[in-house]
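Chemist:
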DNA sequence: GGCAAACTGAACACTCTGCTCAGGGAGGGG
DNA sequence: CCCCTCCCTGAGCAGAGTGTTCAGTTTGCC
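Residue numbers (full-length UniProt numbering), protein chains in the order written: chain A, 1 to 162; chain B, 1 to 162.
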């Protein structure tokens, strides 16, 4: 056990890849597909979430199908030292789906969704009117050429250690 | 059944909320917690993914725990009419985890990850050197005050129709 | 009043799960 | 060279959950 905190090995990666493609698979079925014993898969999954790599199997909800067809991004420039305060206020806005603190021109990058143009207007207003937000720049997502993905990194992990 | 394609009802929302909090729950356990029959939960889940609302239960992989501790965003301005081409090329870069086409100053918003500063340098170079990319603006994510979330919207759906 | 849709509760056979155990390499240290 | 530890294997067991089907009840609409 020289040093194993970082990184995952070949079998781990193949397991995650398999689960990425077919999340509903049970432990037994995984073991069959990977050609290993059931206990091994069980042990690997235990280890992966003990290490925090596999944090769970959250349901993937398609916001567009739920009626939230619009996505927009806003870059906020905020008053010195008020990042925490602003984040808290953004937290209270349901349509705000993600916030990152960044270096560079803006201070916060916000992703939000809305049901239609009027709704988006309302959401954006609410975001830019948050206290201590000084300047904002908003853009609407027209399409998503690459949806959130992890697969390529897992594939590389397979080749590296396989 | 006046109009039901968009939106979800109270029970749907409570089900999704439950699964959001405890993704590992089986159908039977869900039915117990929601106080409905097992068949109902089964029917709801079927309908939700037939409608495309519930797209699956992908494994949540923590990239930081996998060694990719750095996240960066880049806004790309690209040559007229080359969005598709650029997207294809970005697709080939494993560290590129997400791309949106946007209105506004830039044309593409790119999210990428890296293992360390040197690695990030390499990734950014690779992204900005993609053909037809004219101008770029990159920023590093220092923290993520609000990680990707859907919960608040589900909670509202519960209150609205409940 | 009657119909269609949805929910209930029960039953069936089947499969998977969590857990435990003994045994078999592979690698490191003495 | 042997020993010890770690990991994987393959097997077994009781218990629980799964998919599926069914008839009966409730609900809302025409």
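Glycine included, C-beta positions come from ideal geometry on N, C-alpha and C.
Please identify the residue among B:78, B:117, B:95, B:33 whose C-alpha is closest to the C-alpha of residue 137 (chain B).
Modeler: Along the second chain, read from residue 1 onward, the residue named residue 137 (chain B) stands at position 137. When each option's Cα is compared against that of residue 137 (chain B), the closest is B:78.
Chemist: Does the separation of the CB atoms of residue 8 (chain B) and residue 41 (chain B) fall below 8 Å?
Modeler: To locate residue 8 (chain B), count along the second chain from 1; it is residue 8. To locate residue 41 (chain B), count along the second chain from 1; it is residue 41. Contact flag unset, no.
Chemist: Quick one: measure Cβ to Cβ for residue 59 (chain A) and residue 63 (chain B), integer angstroms, because I've assumed they're closer than 8 Å.
Modeler: As a working note, residue 59 (chain A) is residue 59 in the first chain. As a working note, residue 63 (chain B) is residue 63 in the second chain. 20 Å between Cβ atoms; not a contact.
Chemist: Please confirm whether residue 26 (chain A) has its beta-carbon closer than 8 Å to some beta-carbon of chain B.
Modeler: The residue given as residue 26 (chain A) occupies position 26 in the first chain. Residue 26 (chain A) does not count as touching chain B.
Chemist: Taking Cβ positions only, does residue 97 (chain B) come closer than 8 Å to chain A?
Modeler: Against the second chain, residue 97 (chain B) aligns to sequence position 97. Judged by the 8 Å Cβ criterion, residue 97 (chain B) is in contact with chain A.
Chemist: Quick one: list the residues of chain B neighbouring residue 66 (chain A), beta-carbon separation under 8 Å, in chain order.
Modeler: What you label residue 66 (chain A) is simply residue 66 of the first chain in a count that begins at 1. In chain order: 6, 7, 8, 53, 153, 157.
Chemist: Nearest-angstrom Cα distance between residue 1 (chain A) and residue 48 (chain A)?
Modeler: The count along the first chain starts at 1 and reaches residue 1 (chain A) at position 1. The count along the first chain starts at 1 and reaches residue 48 (chain A) at position 48. Residue confidence for residue 1 (chain A) is low, a pLDDT of 38 falling below 50, so the modelled location carries little weight; the figure read from the coordinates is stated next. Cα to Cα, the separation comes out at about 16 Å.
Chemist: Express the C-alpha separation of residue 122 (chain A) and residue 99 (chain A) in angstroms, rounding to a whole number.
Modeler: Here residue 99 (chain A) is taken as the residue at index 99 of the first chain, counted from 1. Here residue 122 (chain A) is taken as the residue at index 122 of the first chain, counted from 1. Looking at the two C-alpha atoms, the distance is approximately 18 Å.
Chemist: Once the 5 residues before and after residue 56 (chain B) are set aside, which same chain residues still bring their CB inside 8 Å of it?
Modeler: As a first step, residue 56 (chain B) must be located in the second chain, where it is residue number 56. For residue 56 (chain B), where only same-chain residues beyond five positions count, the Cβ hits under 8 Å are 49.
Chemist: Enumerate, from N- to C-terminal direction, the unbroken alpha helix (DSSP H) stretches of 4 or more residues contained entirely within the segment 75-131 of chain A.
Modeler: 83-91, 117-128
Chemist: Using a Cβ cut-off of 8 Å, pull out every chain B residue sitting near residue 130 (chain A), in sequence order please.
Modeler: Translated into positions along the first chain, residue 130 (chain A) becomes position 130. Going along chain B, no residue has its Cβ under 8 Å from residue 130 (chain A), so there is no contact; the nearest lies around 13 Å.
Chemist: Is it buried or exposed for residue 81 (chain A), if we count other Cβ within 10 angstroms and need 16 for buried?
Modeler: Looking up residue 81 (chain A) in the first chain gives position 81. It is exposed - the Cβ of residue 81 (chain A) has fewer than 16 other Cβ atoms within 10 Å.
Chemist: Within 8 Å (strictly less), CB to CB, does residue 50 (chain B) reach chain A?
Modeler: Here the question's residue 50 (chain B) lines up with position 50 in the second chain. No, residue 50 (chain B) does not count as interfacial toward chain A.
Chemist: Under the three-state reduction of DSSP, which class applies to residue 1 (chain B): helix, strand or coil?
Modeler: Indexing the second chain from 1 puts residue 1 (chain B) at position 1. For residue 1 (chain B), the pLDDT reaches just 37, beneath the cut-off of 50, and the residue's location in the model is therefore unreliable, leaving the point undetermined.
Chemist: So for residue 39 (chain A), helix, strand or coil by DSSP?
Modeler: Indexing the first chain from 1 puts residue 39 (chain A) at position 39. Residue 39 (chain A): helix per DSSP, three-state reduction.
Chemist: Just mark residue 106 (chain A) as buried or exposed, buried being the case when its beta carbon has 16 or more other beta carbons within 10 Å.
Modeler: Taking the first chain and counting its residues from 1, one reaches residue 106 (chain A) at position 106. Buried: at least 16 other Cβ atoms inside 10 Å.
Chemist: Determine the direct distance from the alpha carbon of residue 43 (chain B) to that of residue 21 (chain A), and round the result to whole angstroms.
Modeler: Counted from its first residue, the first chain places residue 21 (chain A) at position 21. Counted from its first residue, the second chain places residue 43 (chain B) at position 43. Approximately 24 Å, taken between the alpha carbons.
Chemist: Taking any Cβ of chain A, which residues in the segment 115-141 of chain B have a Cβ under 8 Å from it, in chain order?
Modeler: 137, 138, 139, 140, 141
Chemist: Roughly how many angstroms separate the alpha carbons of residue 37 (chain A) and residue 110 (chain B), rounded to a whole number?
Modeler: Taking the first chain and counting its residues from 1, one reaches residue 37 (chain A) at position 37. Taking the second chain and counting its residues from 1, one reaches residue 110 (chain B) at position 110. Those two C-alpha atoms are separated by around 40 Å.
Chemist: Provide the residue span of the alpha helix (DSSP H) that contains residue 27 (chain A), from first to last.
Modeler: Looking up residue 27 (chain A) in the first chain gives position 27. 27-34 is the span of the alpha helix (DSSP H), which, as asked, contains residue 27 (chain A).
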